[in-house]
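Just so we're aligned: the sequence shown equals residues 347 to 485 in this note's numbering.
Heads up, the thing below is written out as structure tokens.
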Amino acid sequence: MGFGESFSAFTKGVGEKVKGNAEVMNLRSQINAEQKQINDLKAVLGGKYYDLYKDTASPEPELQETLDAIRYHEQKAMDLEKQAADVRQNTSSVSLKAQPGSGYGEFKSGSAPGNKFCTQCGAPLVEGQAFCVKCGAKI
347 MGFGESFSAF TKGVGEKVKG NAEVMNLRSQ INAEQKQIND LKAVLGGKYY
397 DLYKDTASPE PELQETLDAI RYHEQKAMDL EKQAADVRQN TSSVSLKAQP
447 GSGYGEFKSG SAPGNKFCTQ CGAPLVEGQA FCVKCGAKI
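Spelled out as structure tokens, the structure:
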């Protein structure tokens with residue numbers, strides 16, 4: 347076998363290897379798509395099961411712990427949403443007024459008079475500062 351023939355056999359082998367790898371990648375992609383479908387269907391099934399037994403005890407004792415955990419996290423999420431609503435309500439009355447070109451901003455409503463902040467980074471400032479101690483912005 348000459349050099350040309352062995353080179354040709356080599357390139358043919360490389361081509362087959364590449365083709366085989368591409369086919370394997372395609373099959374893996376299809377497998378992943380099927381696994382995603384399975385997981386989505388399991389989630390639907392679990393959701394339906396939860397909806398059936400969320401207010402009662404599960405007929406399968408081994409699933410009761412999971413139902414209780416879901417109830418716990420739902421309550422925690424509702425508590426956090428209430429906290430977020432409280433924060434939104436408390437901060438909605440606060441307005442910020444920046445003095446154009448001064449580098450100072452002032453909190454209005456609910457804060458001590460003269461409470462200043464840097465308009466670049468929000469760091470608290472003291473009247474008379476020339477530069478922000480946090481970001482170095484000229485005041």
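Just so it is clear, CB atoms sit at the ideal spot from N, CA and C, and this is done for glycine as well.
Owing to the predicted nature of the structure, the values given are computational and were not obtained by experimental measurement.
In DSSP terms, what residue i is bridged to
| i | result |
| --- | --- |
| K400 | None; K400 has no bridge partner. |
Simplified DSSP state of residue i, which is helix, strand or coil
| i | result |
| --- | --- |
| P405 | coil |
| K480 | coil |
| I384 | helix |
| I485 | coil |
| Q376 | helix |
| Q435 | helix |
| Q475 | coil |
| S457 | Low confidence applies to S457: its pLDDT is 45, below 50, so where it sits in the model is not reliable, and the reading given next is rough at best. S457 falls in the coil class under three-state DSSP. |
Contact under 7 Å by Cβ, residue i with residue j
| i | j | result |
| --- | --- | --- |
| F463 | P470 | yes |
| C467 | K484 | no |
| L391 | S404 | no |
CA-to-CA distance, residue j to residue i, given in whole angstroms
| i | j | result |
| --- | --- | --- |
| E380 | G482 | 55 Å |
| K400 | R417 | 8 Å |
| E369 | G361 | 12 Å |
| G393 | A415 | 14 Å |
| N492 | K363 | No information on residue 492 is available, as it lies outside the stretch 347 to 485 that the chain covers here. |
| D432 | H419 | 20 Å |
| K365 | E351 | 21 Å |
| L387 | A430 | 33 Å |
| P407 | Q421 | 22 Å |
| K428 | N367 | 53 Å |
| K515 | Q376 | Because the chain is modelled from 347 through 485, residue 515 falls outside the range shown and cannot be assessed. |
| N385 | Y395 | 15 Å |
| A355 | N372 | 26 Å |
| Q435 | V472 | 28 Å |
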